[in-house]
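Under my numbering, think of the first position of the sequence shown as 37, with each following residue one higher. First up is the structure itself, then whatever we jot down about it.
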Amino acid sequence: MLIIGITGTLGAGKGTVVEYLRTQRQFAYFSVRQFLMEEVHRRGMEPNRDSLTFVANDLRQKHTPSYIVDELYKQAAEHGGNAIIESIRAVGEVESLRKKGSFVLVAVDAKPELRYERIQKRGSETDHIDFETFLANEKREMENTDPNKQNLKACMRMADIRLENNGSFDDLHHEIDRFLENLQDDAPKHERPSWDEYFMDLCHSVALRATCNRGRSGCVIVKDKQILVTGYVGSPSHLPHCDEVGHLFRKTLHEDGTITTHCVRTVHAEQNAICQAARRGVALEGSTLYCTMTPCRTCAMLIINCGIKKVVAEYKYHAGAESEEMFKMAGVELQYVHDEVLQYSRQK
Ligand SMILES: [Zn+2]
Ligand SMILES: [Zn+2]
37 MLIIGITGTL GAGKGTVVEY LRTQRQFAYF SVRQFLMEEV HRRGMEPNRD
87 SLTFVANDLR QKHTPSYIVD ELYKQAAEHG GNAIIESIRA VGEVESLRKK
137 GSFVLVAVDA KPELRYERIQ KRGSETDHID FETFLANEKR EMENTDPNKQ
187 NLKACMRMAD IRLENNGSFD DLHHEIDRFL ENLQDDAPKH ERPSWDEYFM
237 DLCHSVALRA TCNRGRSGCV IVKDKQILVT GYVGSPSHLP HCDEVGHLFR
287 KTLHEDGTIT THCVRTVHAE QNAICQAARR GVALEGSTLY CTMTPCRTCA
337 MLIINCGIKK VVAEYKYHAG AESEEMFKMA GVELQYVHDE VLQYSRQK
C-alpha cells in the first residue's frame, strides 16, 4: 500500500496528476474537496472557494488540524492498495500523515500565468475570479503561520517529490512515471527463501512440537518440492512424554570403553516421519529428507531402506561419522546447511 498525498498551487495540474495515477496506475482516489463540498452543502452554504476554506478551517479547529485527511487516510487504508489523497493544504496534515506510514507527499507547481490560464479554461464553480483576485487568494493561502490553517508554501516545502508542470501532459506523465519507479527502487525487495531454506524453516516449525528437551528436532520429507510427511521427536502415541514425566535414560557402552547416556523414551524425528508415511501409505522412494543434524545410526539405516535418496541436515552430529559412512556406501547424498558440529548441552 502506498498513499500519495498531493499538494500544490491552484491550477498547477494536481487534477492531471490524480487522473494519471487513477487511470494509468490504478490508484484509488480520496478527495478533500469532495469531503468539504459535501460538508458545505450539508451546512447550506454557497459552494464557493471561501466556503470551502471556512469549512476546512472550522473542521480542523473543532477536531484536530489533520481531521479531514485523517478521515480520508482511514478510508484509503480500509479500501486497501495504492491511493491518492488530494489535496494536502496544512502543515498539521502532513505531520499526521507522515506518522501513519506508507505515505509520500507530492507537490505540483507551475508558473502563475499558466495556472491562471488553466483555471479560467476549467471554469469550475469556485474559479470565476480575475488574475488579481487569484494572486491575492493565493498569497493568503500560501503564508499562514497557524498550523490549523492552509499553508501551501510550507506544505510544498515538506514534499518528498516536486513536479513542475510547465510543459505538456506527456512531460508530466513522464515525470510521474519516473518518481514511481524511484519509489519502487527504494522499497526493500522481498527475498524468497530457496527450496532448501523453505523446507529447513518448516523443520524448525515442526520441531516446536517435540516433547524431549534433549534435542527438539524436526524432520520433513519431500519429493518434487512437495511435502510428503513430517515428524518430530516424541514418545510413541499414548505413552507419556519426557516433558511430563522426565527422561528415560539408558547407558551405552562403546567399543573404546566410553559410556554415553541417552534418553530412549522418544521416537526420533526421522523415524516419526517414516512412521507417518507407513500409516498413510506414502512411498518415500526417491525423496529428500530434511532434518536438524546428521541422522543417528538407526535413523540412517531406516532412511537407506526407505529409498530416500538425499538427506539435507542443518548441522553435523558429533557422533555422526558412522551414518555418513553408511550413506556414502548406500549412495544416499548427504548435504549440510552449516558444515559444523551442532553444540548442545549434555552432548555426551
Ligand atoms: Zn527425553
Ligand atoms: Zn535417530
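Idealized CB from N, CA, C, for every residue including glycine. The model shown is predicted, which means the values in this text are computed figures rather than measured ones.
task = Give the DSSP-derived three-state secondary structure of LYS384 in the structure shown.
result = Residue confidence for LYS384 is low, a pLDDT of 40 falling below 50, so the modelled location carries little weight; the figure read from the coordinates is stated next. Coil.
ask   = Per DSSP, which one or two residues make a beta bridge with SER67?
value = GLU122
task = Pick helix, strand or coil for LYS364, following the three-state DSSP scheme.
result = helix
Any non-hydrogen atom of ligand 2 closer than 8 Å to CYS335 Cβ = yes
query = Once you ignore the five residues that flank ASN93 on each side, which residues in its own chain have a CB closer than 6 Å to its CB?
reply = LYS185
message = Taking the beta carbon of ARG151 as the centre, do at least 16 other beta carbons fall within 10 Å, making it buried, or is it exposed?
response = buried
inquiry  = Quick check: what's the CA-CA separation for LEU88 versus GLU217?
reply    = 35 Å
task = Whole angstroms is fine: what's the gap from VAL68's alpha carbon to GLN111's?
result = 12 Å
inquiry  = Can you tell me whether PRO272 is buried or exposed? The criterion is at least 16 other CB atoms within 10 Å of its CB, across all chains shown.
reply    = exposed
ask   = What residue from ARG286, LEU38 and ARG158 has the CA that sits closest to ILE295's CA?
value = ARG286
query = Relative to the C-alpha of LEU208, which residue among LEU370, GLN379, GLY367 and LYS50 is closest?
reply = LYS50
task = Please report how far the alpha carbon of ASN118 lies from the alpha carbon of ALA146, in whole angstroms.
result = 26 Å
query = Can you tell me the Cα-Cα spacing of GLY44 and ALA195, whole angstroms?
reply = 9 Å
message = Tell me which residues share the same chain as VAL91 and place their Cβ nearer than 6 Å to its Cβ, disregarding the 5 neighbours each side in the sequence.
response = LEU72, GLU75 and VAL76
ask   = PRO276: beta carbon under 8 Å from a heavy atom of ligand 2?
value = no
query = Taking DSSP as the reference, what is the three-state secondary structure of ALA313?
reply = helix
key: Three or more C-beta pairs below 8 Å linking the stretch 335-348 and the stretch 289-303   = no
message = Once DSSP output is grouped into helix, strand and coil, what is the label at TYR351?
response = strand
task = Give me the Cα-Cα distance between PRO276 and GLY282, rounded to the nearest whole angstrom.
result = 9 Å
ask   = Is it right to say GLU129 is buried, meaning 16 or more other beta carbons lie within 10 angstroms of its own, or is it exposed?
value = buried
Any non-hydrogen atom of ligand 2 within 8 Å of GLN312 CB = no
Option in CYS191, THR266, GLU82 and THR288 with minimal Cα separation from GLN312 = THR266
ask   = In or out: CYS306 buried (at least 16 other Cβ within 10 Å) or exposed?
value = The question names Cys, yet the displayed sequence has Glu at residue 306. Looking at its Cβ environment, which holds 16 or more other Cβ atoms inside 10 Å, GLU306 is buried.
request  = Measure from the alpha carbon of GLU55 to the alpha carbon of each residue in GLU122, ARG85, LEU46 and ALA113, then state which is nearest.
outcome  = GLU122
Residues of its chain near ALA309, where Cβ-Cβ distance is below 8 Å and the 5 sequence neighbours each way are ignored = CYS255, VAL256, ILE257, VAL265, THR266, GLY267 and LEU325
Of the listed residues MET81, ALA357 and LEU219, nearest to GLU376 (C-alpha basis) = ALA357
task = Answer with buried or exposed for THR181, where buried requires no fewer than 16 other C-beta atoms within 10 angstroms of its C-beta.
result = exposed
ask   = What runs of the alpha helix (DSSP H), each 4 residues or longer, lie entirely inside the stretch 192-222?
value = 205-222
request  = Give me the Cα-Cα distance between GLN383 and ASN249, rounded to the nearest whole angstrom.
outcome  = With a pLDDT of 47 at GLN383, under the threshold of 50, the predicted position of this residue should be treated as unreliable, though the coordinate-derived value follows. Going by the C-alpha atoms only, they are around 12 Å apart.
query = If you drop the 5 nearest sequence neighbours on each side, which residues of the same chain put their C-beta closer than 7 Å to that of LYS136?
reply = TYR109
query = Which one of LEU188, GLN70, MET81 and HIS210 has the shortest CA to CA distance from LEU57?
reply = HIS210
ask   = Looking only at its own chain, which residues have a Cβ that is under 8 Å from the Cβ of SER318, when we skip the five neighbours before and after it?
value = Checking the displayed sequence, the identity of residue 318 turns out to be Val instead of Ser. Result list for VAL318: LEU264, VAL265 and GLN312, in chain order.
message = Are the CB atoms of ILE40 and PHE139 within a distance shorter than 9 Å?
response = yes
request  = Return the residue from the list GLY251, GLU369, THR52 and HIS164 that minimises the CA-CA distance to GLY203.
outcome  = THR52
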